[in-house]
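Quick note, the sequences are listed as chains R and L, same order. Throughout, the numbering used here is defined as the position within the first sequence, counted from one, plus 1. Throughout, the numbering used here is defined as the position within the second sequence, counted from one, plus 36. Beta carbons: idealized from backbone N, C-alpha and C, even for Gly.
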Amino acid sequence: DAGVTQSPTHLIKTRGQHVTLRCSPISGHKSVSWYQQVLGQGPQFIFQYYEKEERGRGNFPDRFSARQFPNYSSELNVNALLLGDSALYLCASSSTTGGIGNQPQHFGDGTRLSIL
Amino acid sequence: RKEVEQDPGPFNVPEGATVAFNCTYSNSASQSFFWYRQDCRKEPKLLMSVYSSGNEDGRFTAQLNRASQYISLLIRDSKLSDSATYLCVVNKGYGGATNKLIFGTGTLLAVQP
């Protein structure tokens with residue numbers, strides 16, 4: 002079975018541009034979460050979507066937005082890119098929304114975004 | 037104070053050594069706990085979930101102390117292939133509303149031949 006797939010794998014943008022990152026969850030998983038990982042740090046939570054609804058949002062500016070489609074795939078959009086947005090963007094899927102006994106999340110390979 | 041705190045290391049140990057990682061978390065309402073492993077320039081991969089009763093998977097043992105809000109990972113008979121960053125992870129999901137993983141900064145382990 003395919004794991005979480007993300008595209009593109011690498012991306013180079015300049016300041017002020019916008020970017021769309023894509024994620025397909027593991028088949029049967031309805032929950033998709035996005036994380037940003039800056040070099041030397043652990044991943045930071047950006048968004049979680051379940052059944053096409055936003056269920057959680059991290060401490061990121063409004064330049065960051067996301068959505069989930071009927072097939073449970075997801076897009077992360079970032080507008081007005083800044084140098085500090087350079088990071089590895091990770092998508093994770095899981096079979097439940099959370100709570101006690103929730104299933105762990107499984108990560109894709111990530112999209113490495115570089116801002117020049 | 038960070039929500040999940042880990043010693044960043046690096047931990048340099050010889051093959052065959054036993055190494056312990058410790059982690060503390062600040063939110064007593066946290067529901068689930070995990071250790072993830074991340075190789076250089078790769079995605080995090082689930083190593084094991086952590087339960088209050090403690091759990092073991094081969095050479096790996098995880099412990100959770102809810103009263104102290106403390107999580108540990110013990111690796112016995114370490115192998116060269118264990119070299120990676122080990123991430124302590126807490127899930128702040130509440131009753132199914134959200135599934136928000138909070139990561140520590142990770143502890144780098146380098147196993148030496």
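For this session: Compute the distance between the beta-carbons of L/Thr121 and L/Phe47, then report whether it is under 8 Å.
Result: No, Cβ-Cβ distance for L/Thr121 and L/Phe47 is not below 8 Å.
Exercise. Can you name, in chain order, every residue of its own chain whose Cβ lies under 6 Å from the Cβ of R/Pro44, other than the five neighbours on each side?
Worked result: Here the set comprises Tyr36, Gln38 and Leu91.
Exercise. Any C-beta of chain R sitting closer than 8 Å to the C-beta of L/Pro46?
Worked result: Answer no: the Cβ-Cβ gap between L/Pro46 and chain R never drops below 8 Å.
Exercise. Listed in chain order, which residues of the stretch 28-48 of chain R have Cβ atoms closer than 9 Å to some Cβ of chain L?
Worked result: Cβ contacts with chain L come from Ser32, Ser34, Tyr36, Gln38, Gly41, Gln42, Gly43, Pro44, Gln45 and Phe46.
For this session: With a 10 Å radius around its C-beta and 16 neighbouring C-beta atoms as the bar for buried, classify R/His107 as buried or exposed.
Result: So R/His107 counts as buried.
For this session: Kindly give me the distance between the Cβ atoms of L/Gln74 and L/Cys59, rounded to whole angstroms, as I take these residues to be in contact under 8 Å.
Result: With a Cβ gap of about 15 Å, L/Gln74 and L/Cys59 do not count as contacting.
For this session: Quick one: which residues of the stretch 4-22 of chain R get their C-beta closer than 8 Å to a C-beta of chain L? List them in chain order.
Result: If the cut-off is 8 Å between Cβ atoms, the stretch 4-22 of chain R has nothing near chain L.
Exercise. For L/Lys136, which option in R/Gln7, R/Tyr50 and R/Gly29 has the closest C-alpha, if you only look at C-alpha atoms?
Worked result: For L/Lys136, the nearest C-alpha among the options comes from R/Tyr50.
Exercise. From L/Lys115 to L/Val147, what distance separates their C-alpha atoms?
Worked result: Here the C-alpha atom of L/Lys115 lies approximately 7 Å from the C-alpha atom of L/Val147.
Exercise. Could you give the C-beta distance for R/Gly85 and L/Glu79, rounded to a whole number, given that I count them as a contact under 8 Å?
Worked result: 21 Å between Cβ atoms; not a contact.
Exercise. With a cut-off of 8 Å, does the C-beta of L/Ser62 fall near any C-beta of chain R?
Worked result: For L/Ser62, the answer is no, since every Cβ of chain R falls outside 8 Å of its Cβ.
Exercise. Under 8 Å between C-beta atoms, does L/Ile138 make it to chain R?
Worked result: Nearest CB-CB separation between L/Ile138 and chain R: below the 8 Å threshold.
Problem set entry | Exposure of L/Asn127, with buried meaning 16 or more beta-carbon neighbours within 10 Å | Its Cβ being crowded by 16 or more others within 10 Å, L/Asn127 is buried.
Exercise. Can R/Glu76 and R/Thr21 be called in contact, C-beta distance under 8 Å?
Worked result: Closer than 8 Å, so yes.
Exercise. CB-CB under 8 Å to L/Glu51, same chain, minus the five flanking residues each way: which ones, in chain order?
Worked result: A distance below 8 Å between beta-carbons, with the five flanking residues on each side excluded, links L/Glu51 to the following residues of its chain, in chain order: Ser114, Lys115, Leu116, Val147, Gln148 and Pro149.
Exercise. Taking only beta-carbon atoms, is L/Glu39 less than 8 Å away from chain R?
Worked result: Taking Cβ atoms only, chain R never reaches closer than 8 Å to L/Glu39, which makes this a no.
For this session: Under 8 Å between beta-carbons, which chain R residues line up against L/Thr141? List them in chain order, please.
Result: The answer, in chain order, is Gly41, Gln42 and Gly43.
Problem set entry | DSSP beta-bridge partners of L/Lys78 | Looking at the DSSP assignment, L/Lys78 forms no beta bridge with any residue, so it has no partner.
Exercise. If you compare alpha carbons, which of R/Pro62, R/Asn80 and R/Val5 is closest to R/Gly29?
Worked result: The shortest C-alpha separation from R/Gly29 is found at R/Val5.
Exercise. Considering R/Tyr73, what are the terminal residues of the beta strand (DSSP E) in which it resides?
Worked result: Under the DSSP assignment, R/Tyr73 falls outside any beta strand (DSSP E); it carries neither an H nor an E label.
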